[in-house]
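> Below you'll find the structure I mean.
There are 2 protein chains.
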Amino acid sequence: MAFVIIGGDAAGMSAASRAKRNDPSLTVMVLEATQDVSYSACGMPYNIADPIRAMDDLVVRHAEVFREKQGIDLKLGHRVEKIDRGRKQVQGQIAGGREFEVEYDKLLIATGANAPKLYIPGRDLPGVRVIKSLDDGRAIKAYLADRKVRSVLIVGMGYIGLEMAEAFHARGIQVEMSKPRPGLLSWMPEEMSQVVMDELISKGIVLHFGVRLTAIEETAGGLRVIMDKGELLVDMALMGVGIEPNSGIAAEAGLELGPSRAIAVDRTLRASDPDIYAAGDCADAFHVVTGQRVWVPLGLRANRGGYAVGDNVTGRHVELPGIVGSAVFKALDLEVARTGLSLQQAHEAGFNAVENYIQSASRAHAHPGSQTVHVNLVGDKNTGRLLGASMVGKEGVAHRIDSVAVALHAAMTVEEFSQCDFAYAPPFTPVWDPLLTAANQLLKKM
Amino acid sequence: MAFVIIGGDAAGMSAASRAKRNDPSLTVMVLEATQDVSYSACGMPYNIADPIRAMDDLVVRHAEVFREKQGIDLKLGHRVEKIDRGRKQVQGQIAGGREFEVEYDKLLIATGANAPKLYIPGRDLPGVRVIKSLDDGRAIKAYLADRKVRSVLIVGMGYIGLEMAEAFHARGIQVEMSKPRPGLLSWMPEEMSQVVMDELISKGIVLHFGVRLTAIEETAGGLRVIMDKGELLVDMALMGVGIEPNSGIAAEAGLELGPSRAIAVDRTLRASDPDIYAAGDCADAFHVVTGQRVWVPLGLRANRGGYAVGDNVTGRHVELPGIVGSAVFKALDLEVARTGLSLQQAHEAGFNAVENYIQSASRAHAHPGSQTVHVNLVGDKNTGRLLGASMVGKEGVAHRIDSVAVALHAAMTVEEFSQCDFAYAPPFTPVWDPLLTAANQLLKKM
């Protein structure tokens with residue numbers, strides 16, 4: 006049997022490895038458009054922050070290992086352009102121009118996501134970059150190495166924008182950020198987004214809210230960014246205006262699409278064709294809290310989805326329960342995390358939702374070095390159920406959020422969560438963990 | 006109605022505050038034997054580590070606040086010696102010798118635990134200390150301030166012994182530790198206890214296993230510790246040989262005792278007398294995983310128990326689900342944590358238990374500064390249920406353990422836990438969190 010995989014990053018290579026380990030007799034072919042497989046895309050901002058480290062440090066496993074040690078037929082520079090479901094065949098172009106056709110018994114689409122640029126004049130100037138692939142990262146790093154980049158405009162203030170702000174800041178580059186709407190990280194309460202904003206501003210990062218780019222022009226020394234309100238002179242611009250599922254060939258093949266045009270898959274990761282799976286950033290998932298389809302492109306889900314597909318194509322039956330949307334990122338010296346539903350998402354999903362915001366501490370009373378930990382919890386007044394959390398603080402945020410994630414998977418009520426036996430020692434937490442204090446306070450509103 | 010509380014630390018003062026807030030008309034009297042109330046006993050090692058900070062920094066709320074702001078009749082230096090259940094009266098002595106009697110409608114016993122010394126000659130020498138009360142901490146700190154203490158023997162290698170080892174080490178004191186049996190932290194697999202041992206040894210701490218003290222003598226300069234195998238000359242000795250519930254007056258009053266002679270209480274914290282409650286380190290609890298009574302003296306449980314009693318004596322009905330035994334402590338530069346059952350405890354509780362030990366990393370592939378994270382998970386082969394975890398590492402342990410604690414409260418299977426959606430970002434975790442890797446590996450044995 007031939008198992009063909011389109012895309013050789015997290016989901017694709019996880020599926021390839023798992024399937025081949027489960028069934029060494031299986032023919033496993035991976036068609037990857039670029040020259041890179043199996044790398045930590047999420048590590049790029051931290052790599053860019055360091056002028057010395059090679060971008061190739063982010064490669065988790067090299068192509069030769071997949072080929073020689075694991076017996077996976079890994080084809081680099083093979084861009085799939087069409088899926089012919091009738092003939093069970095994929096067609097495409099090899100770097101250089103030659104065409105190829107490959108037949109499959111089972112197909113996995115693991116094409117990831119694209120990072121689009123704004124459709125404005127000047128978007129293709131060399132100083133205007135996106136960050137998605139390892140080649141994008143290499144291009145940014147080369148640009149920083151070749152030019153005297155003293156200032157950068159980051160268009161967008163999402164996770165990636167904030168992580169890249171830290172990277173450029175670490176290299177001594179003046180960072181400005183812009184977005185067309187007001188508000189930073191609008192899924193958290195204003196008090197918490199203000200904490201993040203204060204951190205950015207305290208580090209000298211300039212934030213422009215409510216401005217839209219209309220064009221970018223090259224100047225003698227750098228770029229002129231023309232906005233609906235004024236203009237900016239910077240040496241470089243990074244477009245971090247979000248990503249979108251790379252689902253074009255799936256859509257053209259008539260596969261069903263879900264939210265945000267991600268490929269719709271069931272809990273076994275199967276698309277609307279019994280022989281085609283999709284996993285990773287190109288596919289949707291079920292939200293454990295709402296039961297609804299969502300598109301949340303994150304790394305763990307891609308790896309886990311790939312594993313599940315590897316199992317399912319080799320005769321094991323694996324159904325994934327879905328996601329709760331847990332995410333964490335660094336914003337300069339802050340840890341910012343979320344899981345489950347924001348208040349707005351909870352309302353949209355039909356819950357009788359209420360939230361409560363508290364400030365607590367990262368360490369015990371009187372323990373030196375304690376930092377403020379900000380917690381917002383969301384609950385459902387009708388059922389008492391815990392629905393989501395967001396957290397911000399200089400320490401003690403990144404792993405705490407997972408406790409809430411587990412509670413969401415277990416469909417715990419706020420009261421049940423409030424009674425959980427958390428570990429306590431003065432260097433790590435107050436005797437009432439910030440999450441427990443938050444739950445106790447939320448209970449009063451429910 | 007008169008609500009009388011014996012003991013003014015975590016459980017006692019939590020109960021007093023909660024009851025008075027719920028029902029301001031209630032007469033709430035607290036009888037505390039010492040002059041200290043509401044302090045963070047767990048903070049003492051870290052306070053002792055710092056010669057400058059006053060021990061009174063650890064007081065969370067002062068007596069005057071309880072009296073004047075909260076209207077609690079707080080009596081210091083009142084040692085209760087007898088509970089007369091027939092007359093619903095407690096009797097005792099006031100510091101100085103005068104006797105007192107107080108009548109109660111509802112009584113809470115929150116007498117905490119005692120830290121006994123070994124019954125050997127020399128146990129009462131001034132250089133031989135225990136650490137339990139704030140006065141114990143003050144005495145140690147005064148001793149260190151008054152004398153040139155260059156070396157200390159800590160008898161016992163439990164949480165407190167290890168935290169005190171760090172404290173003395175921080176003050177430049179040579180630390181030796183002893184215990185009569187082999188093995189450190191025997192609830193974790195040997196590979197993990199070796200990691201802790203290596204850390205202690207690397208910091209110059211000398212460990213004596215398999216030695217029993219027979220006597221301690223005063224010498225010109227310090228102490229001669231006589232053991233069954235040889236002797237040691239040190240300037241000071243700390244007896245950290247465990248604690249025991251302070252349940253004497255409860256036992257004399259005929260109240261039922263549970264494991265380790267802790268006062269047996271139901272899920273409302275009521276003892277075997279309908280008008281008497283017990284909470285904190287003197288009381289037992291139900292283990293959520295086994296359903297059995299256990300005695301696990303820890304701070305969060307004391308506070309939570311106190312709150313619940315405050316609710317129950319004022320007509321709210323609160324039942325606590327119980328504990329899972331989550332604990333974390335620092336051992337020099339290591340974080341050490343546990344929750345749920347060890348393999349041995351699981352076997353003793355009748356589970357068909359299996360464990361799996363893994364090493365993972367605290368941060369993503371290629372992220373600088375990553376440390377090894379050691380994880381051991383215990384599961385039940387019959388039901389698939391997750392039973393417990395232990396962890397060791399230089400970072401990323403203290404809060405991760407709580408995710409397992411929540412899973413234990415939810416009675417999750419190892420497989421359900423392995424599918425939880427954890428947050429990922431390179432500075433904080435590999436894409437597969439160490440706990441998820443541990444769960445995936447344990448699944449293969451189940």
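Just so you know, the protein sequences line up as chains A and B, in that order.
Going by our numbering, the letters in the first sequence line up with residues 6 to 451, in that order.
Going by our numbering, the letters in the second sequence line up with residues 6 to 451, in that order.
Just so you know, even glycine gets a beta-carbon here, dropped at the ideal spot from N, CA and C.
#1: Name the residues in the segment 130 to 147 of chain A whose C-beta lies less than 9 Å from a C-beta of chain B; which are they?
#2: Let me make sure I understand the geometry here. Which of Arg390/B, Leu413/B and Tyr282/B has the alpha-carbon closest to that of Lys450/B?
#3: Going by Cα to Cα distance, which pick from Val314/A, Ile57/A, Gly401/A and Val383/A is closest to Ala147/A?
#4: Who are the Cβ neighbours of Arg309/A in its own chain at under 7 Å, not counting the five residues just before and after it?
#5: How would you list, in chain order, the residues of chain A whose beta-carbon sits under 7 Å from the beta-carbon of Asp240/B?
#6: Are the CB atoms of Gly245/B and Val160/B within a distance shorter than 8 Å?
#7: In chain B, what lies closer than 8 Å to Asp316/A by C-beta?
#8: Under 7 Å, CB to CB, which of the residues in the segment 383 to 415 of chain A have a partner in chain B?
#9: Looking at the ligand NAD, does it come within less than 7 Å of Ser198/A, judged from the CB to the closest heavy atom?
#10: Quick one: what's Leu382/B bridged to in DSSP?
#11: Is His54/B near Arg143/B, with beta carbons less than 8 Å apart?
#12: Could you please give the first and the last residue of the uninterrupted alpha helix (DSSP H) stretch that includes Gly304/B?
#13: Straight-line CA distance for Arg272/B to Ala115/A?
#14: Starting from Gly226/B, trace the alpha helix (DSSP H) both ways and give me its first and last residue.
#15: For the segment 115 to 125 of chain A against the segment 63 to 81 of chain A, are there 3 or more C-beta pairs whose distance is under 8 Å?
#16: Just checking my contact of Val341/A with Val397/A at CB under 8 Å: how many whole Å lie between their CB atoms?
#17: Using a beta-carbon distance below 8 Å, is Pro326/B in contact with chain A?
#18: With 9 Å as the C-beta to C-beta threshold (strictly closer), list the residues of the segment 355 to 384 of chain A near chain B in chain order.
#19: Can you tell me whether Lys25/B is buried or exposed, with buried defined as 16 or more other CB within 10 angstroms of its CB?
#20: Can you give me the C-alpha to C-alpha distance between Leu413/A and Ala120/B, rounded to a whole angstrom?
#21: So, with DSSP's three-state summary, where would you put Tyr282/B?
#22: Under DSSP, the beta strand (DSSP E) around Asp89/A begins and ends at which residues?
#23: Among Tyr312/B, Asp78/B and Arg343/B, which residue has its Cα nearest to the Cα of Val402/B?
#24: Going by DSSP, what residue range makes up the alpha helix (DSSP H) through Thr442/B?
#25: The segment 295 to 306 of chain B: which residues have C-beta closer than 8 Å to a C-beta of chain C, in chain order?
#26: Could you tell me which residues DSSP pairs with Arg275/B in its beta bridges?
#27: In whole angstroms, what is the alpha-carbon distance linking Lys76/B and Pro302/B?
#28: Grab the span of the beta strand (DSSP E) containing Ile125/A for me, first residue to last.
#29: For a test of the three-state rule: what should DSSP assign to Phe334/A, helix, strand or coil?
#30: Just the C-alpha distance for Val239/B and Glu195/B, rounded to the nearest angstrom, thanks.
#31: On the DSSP letters alone, give me the boundaries of the alpha helix (DSSP H) that Lys25/B sits inside.
#32: With H, G and I counted as helix, E and B as strand and the rest as coil, what does DSSP make of Glu37/B?
#33: Using the C-alpha atoms, what's the distance from Pro250/A back to Asp78/A?
#34: Quick one: list the residues of chain A neighbouring Cys47/B, beta-carbon separation under 9 Å, in chain order.
#35: What three-state label does DSSP hand Arg103/A in the structure shown?
#36: So, is Arg368/B buried or exposed, given that buried needs 16 or more other C-beta atoms within 10 angstroms?
Result, derived from the coordinates:
#1: none
#2: Here residue 450/B refers to the residue found at position 445 of the second sequence. Checked all of Arg390/B, Leu413/B and Tyr282/B; the closest Cα to Lys450/B is Arg390/B.
#3: Translated into positions along the first sequence, residue 147/A becomes position 142. Of the candidates Val314/A, Ile57/A, Gly401/A and Val383/A, the one whose C-alpha sits nearest the C-alpha of Ala147/A is Ile57/A.
#4: Indexing the first sequence from 1 puts residue 309/A at position 304. Contacts found: Leu325.
#5: The residue given as residue 240/B occupies position 235 in the second sequence. Result: empty, since nearest Cβ-Cβ is about 26 Å, beyond 7 Å.
#6: Numbered from 1 along the second sequence, position 155 holds the residue referred to as residue 160/B. Numbered from 1 along the second sequence, position 240 holds the residue referred to as residue 245/B. For Val160/B and Gly245/B, yes; Cβs fall inside 8 Å.
#7: As a working note, residue 316/A is residue 311 in the first sequence. Within chain B, no residue comes near Asp316/A; the closest Cβ sits about 12 Å away, beyond 8 Å.
#8: Gly401, Ala403, His404, Arg405, Ile406, Asp407, Ser408, Ala410, Val411, Ala412, His414 and Ala415
#9: Among the ligands in the structure shown, none appear at all, so the ligand NAD cannot be discussed.
#10: Here residue 382/B is taken as the residue at index 377 of the second sequence, counted from 1. For Leu382/B, which the question treats as bridged, DSSP gives the partners Asn361/B and Ala394/B.
#11: Here residue 54/B corresponds to residue number 49 of the second sequence, with the count starting at 1. Here residue 143/B corresponds to residue number 138 of the second sequence, with the count starting at 1. Checking the sequence shown, residue 54/B turns out to be Ala, not His. In this structure, Arg143/B does not lie closer than 8 Å to Ala54/B by Cβ.
#12: Within the second sequence, the letter at position 299 stands for residue 304/B. Gly304 to Asn317 is the extent of the alpha helix (DSSP H) around Gly304/B.
#13: Within the second sequence, the letter at position 267 stands for residue 272/B. Within the first sequence, the letter at position 110 stands for residue 115/A. Whole-angstrom Cα-Cα distance: 51 Å.
#14: Here the question's residue 226/B lines up with position 221 in the second sequence. Run containing Gly226/B: none; DSSP gives neither H nor E here.
#15: no
#16: Along the first sequence, read from residue 1 onward, the residue named residue 341/A stands at position 336. Along the first sequence, read from residue 1 onward, the residue named residue 397/A stands at position 392. That belief holds up - the Cβ atoms of Val341/A and Val397/A are roughly 5 Å apart, short of 8 Å.
#17: Counting from 1 along the second sequence, the entry for residue 326/B is found at position 321. Taking Cβ atoms only, chain A reaches closer than 8 Å to Pro326/B, which makes this a yes.
#18: Ala369, His370, Ala371, His372 and Pro373
#19: Counting from 1 along the second sequence, the entry for residue 25/B is found at position 20. Burial call: buried.
#20: Mapped onto the first sequence, residue 413/A falls at position 408. Mapped onto the second sequence, residue 120/B falls at position 115. Rounded to whole angstroms, Leu413/A to Ala120/B spans 40 Å at the Cα level.
#21: By one-based count along the second sequence, residue 282/B stands at place 277. Reduced to three states, the DSSP call for Tyr282/B is strand.
#22: Locating residue 89/A in the first sequence gives position 84, counting from the first residue. Note, Asp89/A: beta strand (DSSP E), His83 to Asp89.
#23: As a first step, residue 402/B must be located in the second sequence, where it is residue number 397. Selected option, being the one with the closest Cα: Arg343/B.
#24: Position 437 of the second sequence, counted from the start, is the residue given in the question as residue 442/B. Counting along the chain, the alpha helix (DSSP H) containing Thr442/B begins and ends at Pro439 to Leu448.
#25: Any reference to chain C falls outside this structure, whose protein chains are A and B.
#26: Translated into the one-based positions of the second sequence, residue 275/B becomes position 270. DSSP, once it has assigned bridges, lists Tyr282/B as partnering Arg275/B.
#27: Residue 76/B sits at position 71 when you count from the first residue of the second sequence. Residue 302/B sits at position 297 when you count from the first residue of the second sequence. Going by the sequence as given, residue 76/B is Gly instead of Lys. Cα to Cα, the separation comes out at about 29 Å.
#28: For the purposes of this step, residue 125/A is taken as the residue at position 120 of the first sequence. Per DSSP, Ile125/A belongs to no beta strand (DSSP E) and is neither H nor E.
#29: One-based indexing of the first sequence puts residue 334/A at position 329. Strand at Phe334/A.
#30: Numbered from its first residue, the second sequence carries residue 239/B at position 234. Numbered from its first residue, the second sequence carries residue 195/B at position 190. Using only the alpha carbons, I get a separation of about 30 Å.
#31: Here residue 25/B corresponds to residue number 20 of the second sequence, with the count starting at 1. Segment Ala15 to Asn27, the alpha helix (DSSP H) holding Lys25/B.
#32: Taking the second sequence and counting its residues from 1, the one referred to as residue 37/B is at position 32. Residue state, collapsed to three classes: coil.
#33: Here the question's residue 78/A lines up with position 73 in the first sequence. Here the question's residue 250/A lines up with position 245 in the first sequence. Cα to Cα, the separation comes out at about 25 Å.
#34: The residue given as residue 47/B occupies position 42 in the second sequence. Per Cβ cutoff of 9 Å: Ala369, Tyr429, Ala430, Pro431 and Val436.
#35: Counting from one through the first sequence, the residue named residue 103/A turns up at place 98. Here Arg103/A sits in coil by DSSP.
#36: Here the question's residue 368/B lines up with position 363 in the second sequence. Arg368/B comes out buried.
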